[in-house]
Ligand SMILES: [Zn+2]
């Protein structure tokens, strides 16, 4: 990312590792978009897709960006979902963070507000791409554009039904609405229902107007997974740009 982004190391207090965070500064007053990948260490296409997206100049420079290219560095090195201590970082964003990585990200985000957040994952069971799009002010403005772009590029889109395991127990199925390539979920109801908090749900409560989680199909070819993630990021950012000031209403402020 040399010459494009400034990169710094963030300490993970209590463990012998650091995380990288990159900043791309846009025009004065530009909204900031948060991009993250690799919170599950055995989902490698996300980090590499983010790096390629920045390297190839695909990010709309009208915005600022905070980029976490790999939020589980120890799990990435071990090729495990969890971090080196065996904890799922994406279930640790409650109570100020219950893993060193979550605490480091929450501390680094203090006083920052994001207009949009995208978190890149992979799904071992999926045959096609899909996203979680939490409902904000009764709207889900990005998922339709994403599915259209995937169809246009002839990428596979995941069919979703209650038979597809998304990790929700049956008694939580009312918290989400499934359609092809899209899970529309209620972030406030999920925070009430579950004891643990994923990254996107924490951001929506604290720091981001919109926060989508993107899932590439892990069993597909590497180059296709990278291409799908790149298409998803650029499509959603383009949709965000098209919406203009509609994006900025009621950003969380505490
Ligand atoms: Zn994941």
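In the numbering used here, the protein residues as written are 32 to 285. No residue lacks a Cβ here, since even glycine has one placed at the ideal position from N, Cα and C.
- Distance from the C-beta of residue 74 to the nearest heavy atom of ligand 1 is below 7 angstroms.
- Residue 110 counts as exposed, since fewer than 16 other beta carbons sit within 10 angstroms of its beta carbon.
- For residue 267, the secondary structure class from DSSP, reduced to helix, strand or coil, is helix.
- For residue 85, no beta strand (DSSP E) run applies; the uninterrupted alpha helix (DSSP H) run containing it begins and ends at 76-86, by DSSP.
- Sixteen is the threshold: since fewer than 16 other Cβ atoms of the shown chains lie within 10 Å of the Cβ of residue 155, the residue is exposed.
- With a cutoff of 8 angstroms on beta-carbon distance, residue 93 and residue 272 are scored as near each other.
- When C-beta atoms of the segment 99-107 are compared with those of the segment 207-222, fewer than three pairs fall below 8 angstroms, so the two segments do not count as touching.
- In the same chain as residue 44, and ignoring 5 residues on each side of it, the C-beta atoms closer than 8 angstroms to its own belong to 131, 134, 135, in chain order.
- For the 8 angstroms CB-CB criterion, residue 62 and residue 216 do not form a contact.
- Following the DSSP letters along the chain, one finds residue 160 in no beta strand (DSSP E), marked with neither H nor E.
- By the neighbour-count criterion, in which a residue is buried when 16 or more other Cβ atoms sit within 10 angstroms of its Cβ, residue 150 is buried.
- By the 16-neighbour rule on beta-carbons within 10 angstroms, residue 253 is exposed.
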